[in-house]
Structure formats: C-alpha cells, structure tokens
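**Student:** For any residue, its number in my numbering is found by taking its place in the sequence shown, counting from 1, and adding 938. For each residue, glycine too, the CB sits at the ideal point set by N, CA and C. Take a look at the following structure, please.
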Amino acid sequence: LGPRATGRPGPRSKYSLSLEQVTKALFISNARTVCNEEMLQQEAITLCINVSKQQPFPTSGIAQLRIPVYDDLNEDLYSHFDRCADIIQEEAKRGGRSVVYCKNGRSRSATVCIAYLMKHRKMPLAEAFEVVKMARHVIEPNPGFMAQLERYEQDLKRRRRLGCRFFF
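Below is the structure:
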C-alpha cells in the first residue's frame, strides 16, 4: 500500500485533477477528475464507483456503479459497504482497477475506500482511515459516516469472531 498521485499539481491543489492511489487496484478522486478520460486511461481504470446522486459519470465505456447518497449526516451509506467492498475486490481479482469518487473526493468516497480496507485488508478503522488519508490528505468523512464506519468495524469483528464466512 502506498499513496501516489497522478496528474499535475495546480494552484487549487486541494481539488486539482488527480487520482490518488490507495492500493494497487484502488484509487480515490473527485468528480471533476474522473470525467477526464485521459487520466482514467493513464491509470487503466476499469470501474468507476460514483458515490453521489447527482455527479456525472465519464463518457467512456468503463464499468460504472452509482451509490445514490448525499453527503449528509443522516444518509445510510452503511448498507452499501459490503457491496462496494466486494465489487472493488472482485475487480482487483480480475486484474482491474477501481476509482471511487464523489463531488470533492472528501467524505463519501473516502468512507467507501475505508470500508473496503476494513473488510478486505482486515484493517481496523483507524489504520484504514490513515491509509486513505495518506493517499488523499483532504479526506474528511462526515460524523454520520464515521459513526457508520465504527458500527461496521464492530460488525466485521463480530462476523470474524463467529466465523461467518458467507458474509465475506
């Protein structure tokens, strides 16, 4: 694991065009960057996970998944954690690369990336958060999403303790 940014740093580096690498097969970004076809091709992205209700998808033939949530304290992102994590993992097993994004690449997309690391890399929440933060320093999941990640961490611990393999 290790962070790597692609693209050119600019005066608005906070939201400049860049895909930040979380793992070999997982990137995080914002909607503006993901709509730049060249950047997606440069990183051989095969799946775009759009964690928003309104942000666009790129126009290319890349596989797409929309998780229709707003960046709101009361939104239920928890119910999407397993599905997103499993899809990212399956894409990686096929040799593909996923990018998870939302409007600014700060809250919703970061939450999904953290959930993936918790489930498939078996990281505790604090470690998963730091890995994603190292890749994209502007991440800041809203308090509602952080509470859902805390709940997910406990749920994953319980599943592992019970040996419920069918959940994974």
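From the DSSP output, in three-state form, read off I1025 for me.
**Tutor:** Three-state result, I1025: helix.
**Student:** Quick check on the burial criterion: 16 or more other C-beta atoms within 10 angstroms. Buried or exposed for Q1092?
**Tutor:** Exposed.
**Student:** Quick one: grab the DSSP three-state call for L1003.
**Tutor:** Strand.
**Student:** Taking only runs of the alpha helix (DSSP H) that begin and end inside the region 1025-1092, which ones reach a length of at least 4 residues, in chain order?
**Tutor:** Complete alpha helix (DSSP H) runs here, min 4: 1046-1058 and 1063-1073.
**Student:** Under a Cβ-count criterion, where at least 16 other Cβ atoms within 10 Å of its own Cβ denotes burial, should S1036 be classed as buried or exposed?
**Tutor:** Looking at its Cβ environment, which holds 16 or more other Cβ atoms inside 10 Å, S1036 is buried.
**Student:** Under a Cβ-count criterion, where at least 16 other Cβ atoms within 10 Å of its own Cβ denotes burial, should S998 be classed as buried or exposed?
**Tutor:** Exposed.
**Student:** For I1025, I'd like the list of residues in its chain whose CB is within less than 8 angstroms of its CB, leaving aside the five on either flank, ordered along the chain.
**Tutor:** If we look at I1025 and ignore the five residues flanking it on each side, its Cβ neighbours are L985, I987, L1003 and S1036.
**Student:** Is it a yes or a no for the region 973-980 touching the region 1042-1055, going by three-plus beta-carbon pairs under 8 angstroms?
**Tutor:** No, the region 973-980 is not in contact with the region 1042-1055.
**Student:** Pick out the complete beta strand (DSSP E) segments inside the region 969-998, 3 residues or longer, and give them in chain order.
**Tutor:** For the region 969-998, whole beta strand (DSSP E) runs of length 3 or above, ordered along the chain, are 985-988.
**Student:** Buried or exposed for H1018, going by 16 or more other Cβ atoms inside 10 Å?
**Tutor:** Looking at its Cβ environment, which holds 16 or more other Cβ atoms inside 10 Å, H1018 is buried.
**Student:** Ordered along the chain, which non-local residues of its own chain (more than five positions away) have a Cβ less than 8 angstroms from that of V1007?
**Tutor:** Taken in chain order, the residues that qualify are V989, S990, K991, E1013, D1014, L1015, H1018 and R1046.
**Student:** Identify whether S1017 lies in helix, strand or coil by the three-state DSSP scheme.
**Tutor:** Correct three-state label for S1017: helix.
**Student:** Using the three-state DSSP reduction, which class does L1011 fall into: helix, strand or coil?
**Tutor:** L1011: coil per DSSP, three-state reduction.
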